[in-house]
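Right, one structure below, let's go through it.
Here it is as structure tokens:
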């Protein structure tokens, strides 16, 4: 079952913050986050496995709620290089090995 | 640097042709995947393989088959190409779940296939 990502698109000025959400109707085993720049391969950002987990660093971080049905990606003090499409990928069962991706959030950072 | 290499960046094929998309990884990963990416639909899983000669259907396997004869190579086959298979095809690989606490998928750069 495909996770729901929101918003679909967002435009920010440099230095502003963004939050991208990814939600599932069922509890998940894990959530992955990827960024894809135009014409390039998606690049892995981070994986969250535990309910209540927060991960990342000051500028790009993510959380996974206690019920393991929602994750959020936080982009703080955005830079031009953050532009791209962000995807969450979800794994529903332990050992399932395959990810189901959301439809993506297009992030545009303007000077 | 670890790599997933897809044999072609752009392909144009005619309706009804048999099409082979090749993917090679140099990371000794157990798992390999084929996704197609279409605007507004995200990435949808076609097939995946967790070991040599093993394969499992993904969400949209109709019209496709796969082959994995060696660990590093995973081929996607369009048996008889149709215009609705025009898309960006992405190959990915990953470690099996036992080892990937901090690792995700590594993607290739994609093959943009146009069927005319």
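Protein chains in written order, with our numbering: chain A, 33 to 143; chain B, 5 to 120. Just so you know, even glycine gets a beta-carbon here, dropped at the ideal spot from N, CA and C.
Residues of the stretch 19-35 of chain B whose Cβ lies closer than 9 Å to any Cβ of chain A, in chain order: 34, 35. Within the stretch 66-86 of chain B, no residue has a Cβ lying closer than 9 Å to any Cβ of chain A.
Among the CB atoms of chain B, none fall inside 7 Å of the CB of residue 92 of chain A.
Residue 97 of chain B and residue 36 of chain B do touch by the CB rule: their CB atoms are close to 5 Å apart, below 8 Å.
Assignment of residue 88 of chain B by DSSP, reduced to helix, strand and coil, places it in the helix class.
Residue 126 of chain A: not part of any beta strand (DSSP E); DSSP gives it neither H nor E. At a cut-off of 7 Å between C-beta atoms, residue 140 of chain A does not count as an interface residue with respect to chain B.
Burial check for residue 116 of chain A: the Cβ neighbour count within 10 Å reaches 16 or more, so the residue is buried. For residue 15 of chain B, not one C-beta of chain A is nearer than 7 Å to its own C-beta. In the DSSP annotation of this structure, the continuous segment of the beta strand (DSSP E) that includes residue 46 of chain B starts and ends at 46-53. Counting along the chain, the unbroken beta strand (DSSP E) around residue 137 of chain A starts and ends at 137-142. Across the set A/65, A/77, A/43, the C-alpha of A/43 shows the shortest separation from the C-alpha of residue 143 of chain A.
For residue 112 of chain A, the three-state secondary structure derived from DSSP is helix.
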